[in-house]
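This report concerns only the one structure given below.
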Amino acid sequence: MARLTTTILIATALLATAACSKKRPEVLPPAPGVDQGPPPVQGDNVQPGSRADFERSVTSNTVNFALDRYDIDARAREILDSQAAWLAKWPNVPVSLEGHADERGTREYNLALGDRRANAAKNYLAGRGVNPARISTISYGKERPIALGSDEASWAQNRRAVTIVLN
């Protein structure tokens, strides 16, 4: 009888543990350090209004931020102004602003900071006449670093907002 009770307890514990397991997300982020970069371009066959056209036409698709900051500085204004000019030329092209943080801090803090960075860039573009309805935002926090080091140079690269053309 004791053996049957033990077997039932073990089976119940295994079942409870399996029920609490975390489900894998449908889409996994790219491996850390994998450069997403612009899509390959053959010759000069870049489609006007495409992601490749955006990336070759603007100063940069990335705005960097200081530690624990999300304010738009002079360099960020220059970059976002070039993006706003391109977006004004292509008023029906939707974009996404991705907010990122470096590896320091909690997951929750970095997700919130990434959200503030993406929204700061969105608000700046909206202030320059870009319809905010065509700009979506997402925060990846510290989950998608572009630099893998644990030093100031790497952290500075990871504190960013990236504009992605969605077509």
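Numbered according to the numbering used here, the sequence shown spans residues -12 to 154.
Cβ coordinates follow ideal geometry from the N, Cα and C atoms, glycine included.
Q. Applying the criterion that 16 or more other CB atoms from any shown protein chain within 10 Å of the CB defines a buried residue, is Asp138 buried or exposed?
A. Counting from 1 along the sequence shown, the entry for residue 138 is found at position 151. Counting C-beta atoms within 10 angstroms of its own C-beta, Asp138 has fewer than 16 neighbours from the protein chains shown and is therefore classed as exposed.
Q: Would you check if there are 3 or more beta carbon pairs closer than 8 Å linking the region 97 to 105 to the region 125 to 136?
A: Flag = yes, the region 97 to 105 and the region 125 to 136 touch.
Q | For Gly86, the three-state DSSP class (helix, strand or coil) | A | Numbered from its first residue, the sequence shown carries residue 86 at position 99. Here Gly86 carries a strand assignment [DSSP, helix/strand/coil].
Q) If we ignore side chains and look at the alpha-carbon of each, how far apart do Asn48 and Trp77 end up? A) Stepping through the sequence shown from its first residue, residue 48 is reached at position 61. Stepping through the sequence shown from its first residue, residue 77 is reached at position 90. The alpha-carbon atoms of Asn48 and Trp77 are separated by roughly 16 Å.
Q: Would you mind stating whether Glu65 and Val149 have Cβ atoms separated by less than 7 Å?
A: Position 78 of the sequence shown, counted from the start, is the residue given in the question as residue 65. Position 162 of the sequence shown, counted from the start, is the residue given in the question as residue 149. No. Outside cutoff.
**Q.** Start and end residues, alpha helix (DSSP H) containing Arg94
**A.** Numbered from 1 along the sequence shown, position 107 holds the residue referred to as residue 94. Looking at the DSSP string, the run of the alpha helix (DSSP H) that includes Arg94 is Arg94 to Gly114.
Q: Measure how close the beta-carbons of Leu153 and Leu112 come, nearest whole angstrom, since I'm counting them as under 8 Å.
A: By one-based count along the sequence shown, residue 153 stands at place 166. By one-based count along the sequence shown, residue 112 stands at place 125. Not confirmed; about 14 Å, so no contact.
Q: Verify whether the separation of the beta carbon atoms of Val80 and Gly36 is less than 7 Å.
A: Position 93 of the sequence shown, counting from 1, holds the residue named residue 80. Position 49 of the sequence shown, counting from 1, holds the residue named residue 36. In this structure, Gly36 lies closer than 7 Å to Val80 by Cβ.
Q: Could you have a look at Val28 and say whether DSSP puts it in helix, strand or coil?
A: Numbered from its first residue, the sequence shown carries residue 28 at position 41. Because the pLDDT at Val28 is just 48, under 50, the model does not fix this residue reliably, and the value given afterwards should be weighed accordingly. Note: Val28 maps to coil in three-state DSSP.
Q. Taking the C-alpha atoms as reference points, what is the distance between Gln70 and Ile133?
A. Translated into positions along the sequence shown, residue 70 becomes position 83. Translated into positions along the sequence shown, residue 133 becomes position 146. Their backbone Cα atoms lie some 21 Å apart in a straight line.
Q.
Could you give the first and the last residue of the continuous alpha helix (DSSP H) run that contains Ala71?
A. The residue labelled residue 71 in the question sits at position 84 within the sequence shown. Per DSSP, the unbroken alpha helix (DSSP H) holding Ala71 starts and ends at Ala61 to Lys76.
(Q) I believe Ile59 touches Ala107 by the beta-carbon criterion, under 8 Å. Please report the beta-carbon distance rounded to the nearest angstrom. (A) Translated into positions along the sequence shown, residue 59 becomes position 72. Translated into positions along the sequence shown, residue 107 becomes position 120. In this structure Ile59 touches Ala107 by the C-beta definition: roughly 6 Å separates them, less than 8 Å.
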